[in-house]
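Everything on this sheet refers to the single structure shown next.
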Amino acid sequence: MFAGWGSFVARFRWAVLVCTVAAVAAAGAWGTGVFDKLSEGGYTDPGSESSRATEVAAAELGMQSGDVVVIYRPAKGTIDDAALGHGIEKRLDALPESAVTAVTGYWPGKVAQYAAADRKSAVAVLTLAGADDGEKLAAYREIDDKLTVPDATVQLAGGIPLADASGTRSTRDLAFAEAISLPVVLILLLFIFGSLVAASLPVLVGGCAVLGSLGVLHAIASGHDVNPFAVNVASLLGLGMAIDYGLFMVGRFREEQSSGRTPAQAVTRTVATAGRTVLFSACLLMIALSGLLFFPQGFLKSLAYGGLAAVALAALLSLTLLPALLAVLGHRVDKLPVRLPRRRGGRPEGTGWAALAGFVLRRPVLVALPILAGLAVLAAPIHGVQFGENDERVLPAADPARRAIETLKTDFPVLSSAGIQIVLHGTGEAPKDAPAFADKVAKIPGVAAVTPTGAGGKAVTYTATLTATDPFGPQARTAVERIRDLPPPAGARVLVGGTTARSVDSLSATADRLPQMIGLLVGATLLLMFLAFGSILLPVKAVLMSAVSLGSTFGILVWIFQDGHGADLLRITPAPLEVGIVILMAAVVFGLSTDYEVFLLSRMVEARTRGASTAEAVTTGLARTGRVISAAAVLLIVVTGAFALSSVTTMRFIGIGMIVALFLDATVVRMLLVPAVLRLLGDAAWWAPGPLRRLQERAGLAEYEDELYPTVSAGRHAARALPPASPSHAEDLPSPAVLGSAMPEVAAMVTPRLPSLSPSPSSPSSPSPSPSPAAPALGGGWVFGAVVPGLPTAGSAPVPMPERVTLEEQVPGLPSPATAPSPAAAPSPATTPSPAAAPFPAAAWFPAAASFPAAAPLPAARPENFAAVPLPRRPVPPGDLPRRPVPPVAPPAAPVSPPAVPVSRPAVPVSSPAAPVSPPAGPAFFGPVRATAPVPRTPPDRPLVSPAPAAAPPPAPPATRPADAEFAPDPLVRGRRPRDLSELAPVADLPSRRGPAS
């Protein structure tokens, strides 16, 4: 599916590019109108008891919440000055009715409860016009500069001035963060890619994702309330995730091109590999964000809208716009270089990440235990966490709105939002035992006084002033719970509201729905990762690793923002954590942790599917993705970490939290703890029960090699297409392999030693060269053939390569029973090593199916008739590693003349379940030896080459080529007939449709 989509985008790249750009431009142009439809608020549960208390008070008594509290403090004298009072009354009467619907206060009736005890200040309470917070905010901005009077200072307190101040600062800080982060991100991408064109692509996709998300939010805001903070979340996640996804996609595209593939082929394979991983990781992050929709608070729903829109568009554009741009650019993606190009596609074992993997795999317990202990220490502060709501402490200490609210709490505690509102609502008439109930409330510990605030209709209201200064502290919460536990008066019900009650109700609603969110996150993660990787333990491990990262992150955040460590340095005021932001951070951190897990495991499973052991798969995965994951984490830290520079504590909480979470997860957890745990799990990490394995096979969510390299069915066996090697140069003999390490394929050709078909330049009587000395023991893997005397030694001139011939030229010269060389024509037994010295695997090497008649028997074959000749190195596709290390071939003692019969490389290996079949001895066409199965290693004290036997071994019985065979044409020559057999390459065992190997 993914390969097909990549091929479609590459084929119709200009159409995809034009349509995508037009859609993004239209969404961005329309999305700019979202700022006029945003509404503040949404922090409370509309179905809670505190919300019902506010509704009853407004319906029965006409009490409206004071949107703006104007505090007047005379410069001289007291508030009883007549001239001052006249000026204030005149100013309040002049306010437009379209913005202010009601005004109450000390003037003109000089109501005592609106005056301070020292008579130095008084207040006027304004009710703004508007059905929601957005309309009230617009009304406030219309009158905020019309409330000043001469000879008095004016302070504006209340929820609307607080929302206006925090929103203004957030918008300004967001623009500042983007202005700081984007240039830094571009510089880092230049350093990572080394090309201005490649570096600009992720940033371009990120900008398009942000523009498109504004259009989506505008559409949502037309029917639902959307908090302004949703725009901040969309900007943060849209830019950050698009840059992350673009980094993976562009990096994989460049790897594919460096392997010799055309731009169209590179785009197809990039979408089928990195694109598939991007889609799965985006789905996991979107599932985490969709958990916010379970909560009743409109604020959390708004955050979910912004996050879902941004992540979905970032993934969608990474699979449409970005591949189309890559297909158009092709090799020009490396244009405008800023540094010298470095070699790519080298052996991962030579990198620092592979060395780190080796260190972890050798000492998994010593690595895992200290890390787990350290992360547990970091998570310890969670046990004392306290939750609350946003209040004035999110603003800097010098902000006018914060100072006004602090003055209101100090001088007018009854009017401040710190009090508890008590509404006694009668079922038939006004409750008669209301005073007695108020006396009971006054006796509750933590309640300083109970003051009646209104009566009418069927309701009576009181305000309970608390002794605790913190409305979100444990004393205030305990007071609310005890008031609710009191028995109500006869014929009435008690509704408790106010700031503290709203916080208690919000926490209760969050706690009630939190299990649903956790169930969604865990269940969806387990299901999708199982369908992607076909393992039971890998998804469980991913969930546990994400939980470890999440716990450590929140432990640090509690230690800083609640306990106050480093508060002076960060210029923040310690306060309980806002529950909505905590839920948002939990969803984002969990999603990002799983995101990096998917990128890491995808390469490990890819290597495991090719037959690598657990240690080899971990090494390959870490070597291939360690640098990319670290770079992605650094880029996302820059994007989100710029929020830490904000003056609003909420944004600073997100910025510092993302820095801590990304650093811990991308370094300590993914690079150290995950490899150690996989090493301890061993092969069990890839296991799944039979029924679940079959379910995973039917789901078809895994990408298979035959989707990237389609095969032309001709039977039971197949050959995978590989880029043709260039015969323009010869390669040195391979260096010794490290035991247990994975390395790229070493191209070699199994060449038959044939009797000379032309006069030899040497004398017929000249003695044959003596056998070479015993070769040292090899580290493991294949032995390509016997060490044949006469082959060039290391340092000698390379053997000339035969000329390329076409299929038509090859077929007439194929051996047949009539023309096959007889055993007598074989080299002298004195010059050939023992067959026992060169074991051959069970997978025999036959000529290509197109090169033989269906019934042509193969001549007898003996191992001593074959030698390993170095071939030019074929570009190795990224991650295309052999199953076992390929050892070097011992160099022979003396050169021999090249074979007289043209020999081409390709051949089809045929695995025989019954008995091993030896290679033929006659002229045939053989391909590169591939490590398809382990070969028993020779002990160090036993030479690889035995002394020559006294007589030549009897010829093996003739073997016949199987009538059925399968070939996969090279992608570079797809659509036409291959020129010769070198455009087909043998593979003993292609990955089956059963998915990753267990």
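Under UniProt numbering, the first residue of the sequence shown is numbered 1, with each subsequent residue one higher.
Each residue gets a CB set at the ideal place from its N, CA and C atoms; glycine is no exception.
Cross-strand partners of residue i (DSSP beta bridge)
i, result
"ALA449", "THR465"
"GLY105", "ALA124"
"PRO74", "ALA152"
"VAL496", "ILE422"
"PHE387", "LEU577"
"VAL69", "VAL125 and ALA157"
"ALA455", "VAL460"
"PRO337", "SER195"
Rounded C-alpha distance that separates residue i from residue j
i, j, result
"LEU186", "ALA59", "57 Å"
"VAL328", "LEU217", "31 Å"
"LEU537", "LEU372", "19 Å"
"GLY66", "PRO161", "11 Å"
"GLU142", "ALA152", "21 Å"
"TYR106", "VAL69", "12 Å"
"LEU636", "SER181", "10 Å"
"GLY159", "SER535", "52 Å"
"LEU126", "ARG513", "36 Å"
"SER593", "ILE654", "16 Å"
"THR467", "GLN421", "15 Å"
"VAL311", "ALA288", "11 Å"
"ARG403", "ALA397", "7 Å"
"PRO323", "ALA509", "44 Å"
"ASP164", "GLU40", "9 Å"
"VAL34", "ASP225", "11 Å"
"PHE437", "GLN562", "36 Å"
"VAL267", "GLY374", "43 Å"
"LEU415", "LEU147", "19 Å"
Cβ separation of residue i and residue j, assumed to be a contact under 8 Å, to the nearest whole Å
i, j, result
"VAL278", "SER318", "5 Å"
"VAL638", "LEU188", "7 Å"
"LEU174", "LEU528", "LEU174 to LEU528, Cβ: 32 Å. No contact."
"LEU600", "ARG670", "6 Å"
"THR427", "LEU61", "With a Cβ gap of about 17 Å, THR427 and LEU61 do not count as contacting."
"ALA242", "GLY206", "4 Å"
"LEU521", "GLY291", "6 Å"
Cβ neighbour criterion (16 or more within 10 Å) applied to residue i
i, result
"GLN155", "buried"
"LEU544", "exposed"
"PRO489", "buried"
"THR410", "exposed"
"TRP14", "exposed"
"PRO425", "Before going further, note that residue 425 is His rather than Pro in the sequence given. Label assigned to HIS425: buried."
"PRO574", "exposed"
"GLY566", "exposed"
"PRO539", "buried"
"ASP132", "exposed"
"LEU336", "exposed"
"THR32", "exposed"
"PRO370", "exposed"
"GLU597", "buried"
"PRO202", "buried"
"MET1", "exposed"
"PRO474", "exposed"
"LEU673", "buried"
"PRO431", "buried"
"GLY298", "buried"
"SER762", "The pLDDT assigned to SER762 is 39, lower than 50, so where the model puts this residue is not dependable; a value taken from the coordinates is nonetheless given after this. The residue is exposed, with fewer than 16 neighbouring Cβ atoms inside 10 Å."
"ALA179", "exposed"
"ALA112", "exposed"
"LEU300", "buried"
"THR54", "buried"
Interface flag, residue i vs chain D, CB-CB below 8 Å
i, result
"ALA83", "Judged by its chain identifiers, the structure shown contains no chain D, having just a single protein chain."
| task | Run through the segment 502 to 573 for me and flag every whole beta strand (DSSP E) of 3 or more residues, listed as ranges in chain order. | result | none
| message | Quick check on the DSSP output: what are the complete alpha helix (DSSP H) runs of length 4 or more inside the segment 121 to 208, in order along the chain? | response | 133 to 143 and 159 to 193
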